[in-house]
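Visitor:
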Amino acid sequence: MNVHEYQAKEIFSKYGVPVPRGYVAHSVLEAVENAKKLGGNIWVVKAQIHAGGRGLGGGVKLARSLEEVEELASQILGMTLVTHQTGPEGKLVQKVYIEEGVDIADELYLGVVLDRAKEMPVIMASTEGGMEIEKVAAETPEKIVKVAIDPAIGFQAFHGRELAFGLGLAKEEIGKFMKFASALYKVYMENDAELIEINPLVKTGSGDFIALDGKMGFDDSALYRHPEIEAMRDISAEDPSEREAGEFGLSYIKLDGEVGCMVNGAGLAMGTMDTINYVGGTPANFLDVGGKASAQTVAKGFEIILKDQNVKSIFVNIFGGIVRCDRIANGILEATKLVDVTVPVIVRLDGTNALEAAEILKSANIANVISATDLEDGAKKAVAAARGEL
Ligand code: ADP
Ligand code: MG
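With the numbering used here applied, the sequence shown covers -5 to 384.
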C-alpha cells in the first residue's frame, strides 16, 4: 500500500523527522484557508497523487500571494497529472497539499529500501537530490552511498557516519544528519514500510535538514498491525482494475504489453511472463488467480484483463495441483458465457485431471479457445495470436 506525500510527512513528523509545515486541501477554498493558517508569504501547492515526478509534470508550484495560491489550486485540483511514474493516462488530482516555502541551499536524496539479497534494510543517500534516483543509479552509481543495517543491531552511529562522510557533509552538519537518518530508520522499521524515499532531502539556508518530499510504501501483509496506517489508504488513488481484482482475491498488476496472462501461483505467473518475453512477446499483466480458482474468479480474471485495450491475446497457464484442471476447463467455458471474450485465448492446463480438461475444451469447441501442449508452446501461440499470426 502507498500513501500520499502529506500522509508520509505526518508519519515522519511523529518520529521527529523534520518536515515543512503544511495542510492538505480538497477544495480551492480550503487551499486558501490553509495558506492563511500557515502564514508567511511563500507557499507551495503540491498535487497529491501516488506517483513521483509531479514537479516536472506541473503538479508542484510556488505561490507568492494568496491570490496565486487560489489560482494554482484551481489549476492543479482536478487536473490529470502525467509524470514518468503515472503512465501516459496520468492520474486525477483530488487533493493538494499547501506547504510553506522552504529556503533551499542544497538538495540531497535519502531512502530506505529492503534489499532482498542482503535480507536487510538498506539506507541509500546521494548528493544528487531532486533528480530521478534510477537515473543516478544507472549513470553515476558512485554517487549513491548504500549502508545495510542488520535489524538485530539497528541503526548505529557508525552507520550514520558512513552515510554522512559519503555525502561529504561538513563537520557541523554530521550530528544533525545522523539524527535525521536514525529517526527515518525507526519510521521504516516500526511501520513495516517497504520503501521510504525523500527526494529531495533539503539542506536549508540555516543549515538544517528537512524532508521536502516524502514517499512511503508499506508491506500489505503487515498492515493488520498498523490500523492507523491502513486508515490512510486512498482507494480512489489506486488503479481501479488492481483494486477490483483484490476484492475477488486475485492479484493483478497491470503492465504495458499485449499478452494477457491468467495463471495460478505467483511463481508460475512470473515464469509465464518470462517465457512470453523469451519467445519475443510482452506480457500485459501479472495475474495470479490463486489456488481456489472457480468459474467466477476465472470470469472475473477475463473481465479485468480485457479492460486493458492493449491486450491482443490471453494466455491461460494453470497447473493443477490442489485445483483440478477439469474444474478450470469448466470455469473457462462458464467464463466465456459470462464475459464476451474478444481475443484469442490460449489454454495450457497441466497436472491433476489434465486429460479430462483437454477433453472438455475439445468437445466444447469454442472458436476463440486454442489448446497448447506446454508452457513454451502456449507462450509461442499466445505471442503469435497477439500479432494476428495464428
Ligand atoms: P516530485 O518529486 O513529485 O516532483 P517534490 O515534492 O520533490 O515532488 O517537489 C518538486 C520540487 O519542488 C522539489 O525538488 C523542490 O525543488 C520544489 N519544492 C517542493 N516542495 C517545496 C517547498 N515546500 N518549498 C520550496 N520548494 C519546494
Ligand atoms: Mg520529489
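Heads up, the beta-carbon is just placed ideally off N, CA and C, and yes, glycines get one too. This one's a predicted model, so the numbers in the text were calculated from it and none came from an experiment.
1) Using a 10 Å radius around the Cβ and a threshold of 16 neighbouring Cβ atoms, would you call Tyr218 buried or exposed?
2) Going by Cα to Cα distance, which pick from Ala164, Thr336, Asp228, Leu157 is closest to Glu297?
3) In angstroms, rounded to a whole number, what distance separates the CA positions of Gln88 and Leu75?
4) Within 8 Å, do at least three Cβ pairs link the stretch 221 to 232 to the stretch 129 to 139?
5) Beta-carbon distances below 5 Å to any heavy atom of ligand 2 define the shell here; list its residues in chain order, please.
6) Rounded C-beta distance between Asn193 and Asp207? I'm assuming under 8 Å.
7) Cα separation between Leu23 and Ala41?
8) Answer yes or no: the CB of Ile127 versus the heavy atoms of ligand 1, is any distance below 7 Å?
9) Please work out which residues of its chain come closer than 7 Å, Cβ to Cβ, to Leu86, disregarding the five sequence neighbours upstream and downstream, and give them in chain order.
10) Determine the closest residue to Asn271 out of Tyr179, Leu249, Ala67, with distance taken between C-alpha atoms.
11) How many angstroms separate the CA atom of Ala379 from the CA atom of Gly243?
12) Considering Cα atoms alone, identify which of Tyr103, Gly372, Arg155, Leu71 is closest to Ile204.
13) Check whether the Cβ of Lys40 sits closer than 7 Å to any heavy atom of ligand 1, and report yes or no.
14) Is it right to say Phe313 is buried, meaning 16 or more other beta carbons lie within 10 angstroms of its own, or is it exposed?
15) Determine the direct distance from the alpha carbon of Ala119 to that of Asp144, and round the result to whole angstroms.
16) Starting from the Cα of Ala45, find the closest Cα among Ile247, Ser365, Gly275, Val(-3) and give me that residue.
17) Please determine whether the Cβ atom of Leu189 lies at a distance below 7 Å from any heavy atom of ligand 1.
18) Which residue or residues does DSSP assign as beta-bridge partners of Ala187?
19) Examine the Cβ distances between the stretch 349 to 357 and the stretch 316 to 325 and report whether three or more of them are shorter than 8 Å.
20) Assign Asp282 to buried or exposed, taking buried as 16 or more other Cβ atoms, counted over all protein chains shown, within 10 Å of its Cβ.
21) In the stretch 195 to 245, which residue ranges form an unbroken beta strand (DSSP E) of at least 3 residues, counting only runs that do not cross its ends?
22) By DSSP, does Gly84 sit in helix, in strand, or in coil?
23) Can the beta-carbon of Asn279 be found closer than 8 Å to that of Gly254?
24) Return the residue from the list Ala361, Ile247, Ile223 that minimises the CA-CA distance to Pro234.
25) If you compare alpha carbons, which of Ala293, Asn304, Asn362 is closest to Asp275?
26) If you pair each beta-carbon of the stretch 364 to 379 with each one of the stretch 337 to 349, do three or more pairs fall below 8 Å?
27) How would you write the range of the alpha helix (DSSP H) that Asp109 sits in, first residue to last?
28) Could you give the DSSP three-state label for Asp250: helix, strand or coil?
29) Kindly say whether Gly84, judged by its beta-carbon, lies nearer than 8 Å to any beta-carbon of chain C.
30) With distance defined between alpha-carbon atoms, name the residue in Ala146, Met183, Ser200 nearest to Glu166.
31) Any contact of the stretch 0 to 13 with the stretch 163 to 177, i.e. 3+ C-beta pairs under 8 Å?
32) Report whether the distance from the Cβ of Leu262 to the nearest heavy atom of ligand 1 is below 7 Å.
33) Please name the residue, chosen from Ile117, Ala348, Asp213, that lies closest to Gly105 on a Cα-to-Cα basis.
34) Which one or two residues does DSSP pair with Ala57 in a beta bridge?
Guide: So, to answer that:
1) Exposed, by the Cβ-count rule.
2) Comparing alpha carbon positions, the residue from Ala164, Thr336, Asp228, Leu157 closest to Glu297 is Thr336.
3) Going from the Cα of Gln88 to the Cα of Leu75 covers about 11 Å.
4) As far as the Cβ criterion goes, the stretch 129 to 139 does not touch the stretch 221 to 232, which means the pair count is below three.
5) Chain-ordered list of matching residues: Asn193, Asp207.
6) Right, the Cβ-Cβ distance comes to about 5 Å (below 8 Å), so this counts as a contact.
7) C-alpha separation (whole angstroms): 15 Å.
8) The answer is no for Ile127.
9) Contacts found: Thr74.
10) Nearest C-alpha to Asn271: Leu249.
11) Near 28 Å, if we compare the C-alpha coordinates of Gly243 and Ala379.
12) In this structure, Tyr103 is the residue among Tyr103, Gly372, Arg155, Leu71 with its C-alpha nearest to the C-alpha of Ile204.
13) Ligand 1 has a heavy atom closer than 7 Å to the beta-carbon of Lys40.
14) When all chains shown are included, Phe313 counts as buried.
15) Going from the Cα of Asp144 to the Cα of Ala119 covers about 17 Å.
16) Answer by Cα proximity: Val(-3).
17) Result no, Cβ not under 7 Å from ligand 1.
18) Per the DSSP secondary-structure output, Ala187 pairs in a beta bridge with Phe212.
19) Yes: the two stretches touch, three or more of their Cβ pairs being nearer than 8 Å.
20) By the Cβ-count criterion, Asp282 is buried, with 16 or more other Cβ atoms from all chains shown falling within 10 Å of its own Cβ.
21) List check, beta strand (DSSP E) in window: 203 to 205, 209 to 212.
22) Coil at Gly84, not helix or strand.
23) A distance below 8 Å separates the beta carbons of Asn279 and Gly254.
24) If we check each option's Cα against that of Pro234, Ile247 comes out closest.
25) Correcting the residue type first, residue 275 is Gly in the shown sequence and not Asp. The shortest C-alpha separation from Gly275 is found at Asn304.
26) With contact defined as three or more Cβ pairs closer than 8 Å, the stretch 364 to 379 and the stretch 337 to 349 are in contact.
27) Per DSSP, Asp109 is not a residue of any alpha helix (DSSP H); the beta strand (DSSP E) it occupies stretches across 98 to 109.
28) Three-state DSSP puts Asp250 in coil, outside helix and strand.
29) No chain C is present in this structure, which holds just one protein chain.
30) Of the listed residues, the one whose Cα sits closest to Glu166 is Ser200.
31) Contact between the stretch 0 to 13 and the stretch 163 to 177 is established, with three or more Cβ pairs separated by less than 8 Å.
32) No; taking the cut-off as 7 Å, the Cβ of Leu262 has no heavy atom of ligand 1 nearer than that.
33) Its Cα nearest to that of Gly105, the residue Ile117 stands out among Ile117, Ala348, Asp213.
34) Paired residue(s): Trp37.
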